[in-house]
Amino acid sequence: MSQSLHFVVSSSRSPNLTLPNRSYLKLSPPPSNLRFPVTFVRRPISASSSDVDSNSPSKVLVSDNGKGGVLPATSPEYVPPPSDSSSIDVDAVTEADLKENGFRSTRRTKLVCTIGPATCGFEQLEALAVGGMNVARINMCHGSREWHRRVIERVRRLNEEKGFAVAIMMDTEGSEIHMGELGGAPSAKAEDGEIWTFSVRAFDSPRPERTINVNYDGFAEDVKVGDELLVDGGMVRFDVIEKIGPDVKCRCTDPGLLLPRANLTFWRDGSLVRERNAMLPTISSKDWLDIDFGIAEGVDFIAISFVKSAEVIKHLKSYIAARSRDSDIAVIAKIESIDSLKNLEEIIQASDGAMVARGDLGAQIPLEQVPSAQQRIVQLCRHLNKPVIVASQLLESMIEYPTPTRAEVADVSEAVRQRADALMLSGESAMGLFPEKALAVLRSVSVRIEKWWREEKRHEAMELPDIASSFSDSISEQICNSAAKMANNLAVDALFVYTKTGHMASLLSRCRPDCPIFAFTSTTSVRRRLNLQWGLIPFRLSFSDDMESNLNRTFSLLKARGMIKSGDLVIAVSDMLQSIQVMNVP
Ligand SMILES: Nc1ncnc2c1ncn2[C@@H]1O[C@H](COP(=O)(O)OP(=O)(O)OP(=O)(O)O)[C@@H](O)[C@H]1O
Ligand SMILES: CC(=O)C(=O)O
Ligand SMILES: [K+]
Ligand SMILES: [Mg+2]
């Protein structure tokens, strides 16, 4: 195509217009059944180089060497272009990836890293960002607020100084039952047959031998002699043998390492016991203080642990809306309890995203039910257009070893094949010996499985249900579905979406198209949030309502930085003008 083909479907938002339920737009012949004006224009789109910010440096920081390794940063003094109206913000890693590997091999699956003692330094955080971390997660179960504040500060500085858009996710502690600290010890070993005391009493240090504090006051009343007590979902097991007031004596039946603040569950006749602890609030008083902290620090996501119902999500969202200036903190529901599975659809509907928190989920339902629960949650999230994270033990052995087990690679592959939005590292990045290597494994497995899926055309003919709640939403949804389908049929190089709130970008992402989606948005907070969603490459760019000038500017800016070239075929949509445009980059 030497000349660009440019067609616009425009509609006013008149409610009298009816859009056929699923009418995919075809290039030729023009659709005759659409009842709003359709214009086809054949004309080249011209780009003027005067728009290019001549100051934008486009030095390459790093790149993937195609074997899953990272080439070292060559330019530590890299300064990103200034965020003024004439520039476009994208990080150096994405830029290098696009230039060197082309659009097709960009990674679509996003990566979340839990930050802990192994990764909290500036250089360590930078290494993770360079290695592809899209979201940094801080877990309020561990560390002080001051510790978390410093991590947030460093991530923000990294974004400002190096042009990254790493988002921050704060994860609440929740009212789970867990052990206390081990008096400063990193762990304690429980041996087979040993008698340990679990008590709601707090102890002065040093902690009495073989004694563990439990954070839940009702513990001794809820458990019964004969119950089985599981630490961290079964890493260590005890039988309850005697109750003496606040103390519960237990015999170790599966020896292992007890870690500070490890999660505790108790089981009776093969099922999880949910006595009064089932009445514990999802958001504890400590969680509310942490949430206030998160709002004040302007985190991008708040993940709520042990969600039981949609009500708590709605409650938190209204709390955030009342307190946060732009109320743009997204709420992620962690699916890790039996109740959350019972109320799954309502919970996901009320949330801005979900996490398959397999660690605690596997301590609440039989392990063999976790894979089907994962598949159900991932599918439902995609149907409802909510980003979904698959979390816990993806590369657990890499806490200690530099290579993963084959089974772990297969597990990561399965999550990628399910087209989850994001994969998460927990202990691997928080306290493991090989955080960067673990991240590199997630990256290379993602890229490889995504490619395999495209080559084999393994995309299931997934009919996405209509989810729009208004007529204008319905137009957006149909446009995105059609644009994604056209992008696959025409094998375009990239989809462009100009979006203020990110909604159109997420609708495109939901279709999981073969090509990457360049999402242009004018605010840095929306850019960071889009970083959690499958296939989106978020750019910050100020743009107008005039799509032609937006496109011309974008082409000039991206061409000047070598990120696209003349002849690339692009489909563009926007949430200002409801249109689909197909064109070659001039
Ligand atoms: N901020 C921190 N300070 C110290 N250790 C941490 C921190 N964050 C995580 N860790 C360590 O990494 C491990 C894994 O982290 P992760 O966030 O998965 O926590 P978790 O305790 O398993 O609970 P959750 O169910 O909330 O994920 C923790 O058990 C803890 O040992
Ligand atoms: C991530 C988390 O909370 C879990 O897997 O339990
Ligand atoms: K947590
Ligand atoms: Mg959990």
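The opening residue of the sequence shown carries number -9 in the numbering used here; numbering runs sequentially from there.
Heads up, the beta-carbon is just placed ideally off N, CA and C, and yes, glycines get one too.
Taken through DSSP and simplified to helix, strand or coil, residue 198 comes out as coil. By the 16-neighbour rule on beta-carbons within 10 angstroms, residue 134 is exposed. Residue 152 carries a helical assignment under DSSP once its states are collapsed to helix, strand and coil.
In this structure, the beta-carbon distance from residue 343 to residue 326 does not fall below 9 angstroms. Fewer than three beta-carbon pairs drawn from the stretch 239 to 254 and the stretch 117 to 130 are found closer than 8 angstroms, and the two stretches are therefore not classed as touching. The C-alpha of residue 303 is placed about 34 angstroms away from the C-alpha of residue 387.
Our two residues, residue 437 and residue 116, have alpha carbons roughly 21 angstroms apart in a direct line. For residue 309, the enclosing alpha helix (DSSP H) starts and ends at 300 to 313.
Here residue 477 really is in contact with residue 561; their C-beta atoms are around 5 angstroms apart, less than 8 angstroms. Here residue 371 carries a helix assignment [DSSP, helix/strand/coil].
Under the three-pair Cβ rule at 8 angstroms, the stretch 264 to 274 does not count as touching the stretch 186 to 198. Relative to ligand 1, the beta carbon of residue 381 is positioned inside 8 angstroms of a heavy atom.
Per DSSP, the beta bridge partners of residue 237 are 189, 234. Within 10 angstroms of the beta-carbon of residue 429 lie 16 or more other beta-carbons, which makes it buried. With contacts defined as CB atoms closer than 9 angstroms, residue 485 and residue 503 qualify as a contacting pair. The residue from 397, 240, 226 with its alpha-carbon nearest to that of residue 246 is 226. Approximately 31 angstroms separates the beta-carbon atoms of residue 268 and residue 290; this is outside 8 angstroms, ruling out the contact. Distance from the C-beta of residue 511 to the nearest heavy atom of ligand 1 is not below 8 angstroms.
Excluding sequence positions up to five before and after residue 512, its CB lies within less than 6 angstroms of the CB of 532, all in the same chain and listed in chain order.
Just so you know, the alpha carbons of residue 480 and residue 444 end up roughly 14 angstroms apart.
For residue 347, the shortest C-beta to heavy atom distance toward ligand 1 is below 8 angstroms. Note: residue 253 is bridge-paired with 168 in the DSSP secondary-structure output. The way I'd put it, the stretch 333 to 341 doesn't touch the stretch 155 to 173; fewer than three beta-carbon pairs between them come closer than 8 angstroms. In this structure, residue 139 has its CB at a distance of at least 8 angstroms from all heavy atoms of ligand 1. Nearest to residue 410 by alpha-carbon distance, out of 439, 162, 296, 505, is 439.
Residue 402 counts as buried, since no fewer than 16 other beta carbons sit within 10 angstroms of its beta carbon. The beta carbon of residue 180 sits closer than 7 angstroms to the beta carbons of 186, 226, 242, 245, 246, 248 from its chain, once the five residues preceding and following it are set aside; these are given in chain order.
Annotation for residue 215: 230, 231, 232, 233 place their beta carbon closer than 7 angstroms to its own, counting only its chain and skipping 5 residues before and after. Residue pairing by DSSP leaves residue 377 without any beta bridge partner.
A straight line joining the alpha-carbon of residue 173 with that of residue 205 spans about 14 angstroms. Taking each of 136, 109, 132 in turn and checking the Cα distance to residue 126, the smallest one comes out for 109. Distance from the C-beta of residue 130 to the nearest heavy atom of ligand 3 is below 8 angstroms. Residue range 461 to 479 is occupied by the alpha helix (DSSP H) that includes residue 470. Residue pairing for residue 159: DSSP places it in a beta bridge opposite 127, 291. Rounded to whole angstroms, the separation of the alpha carbons of residue 525 and residue 407 is 14 angstroms. At least one heavy atom of ligand 1 lies closer than 8 angstroms to the C-beta of residue 252.
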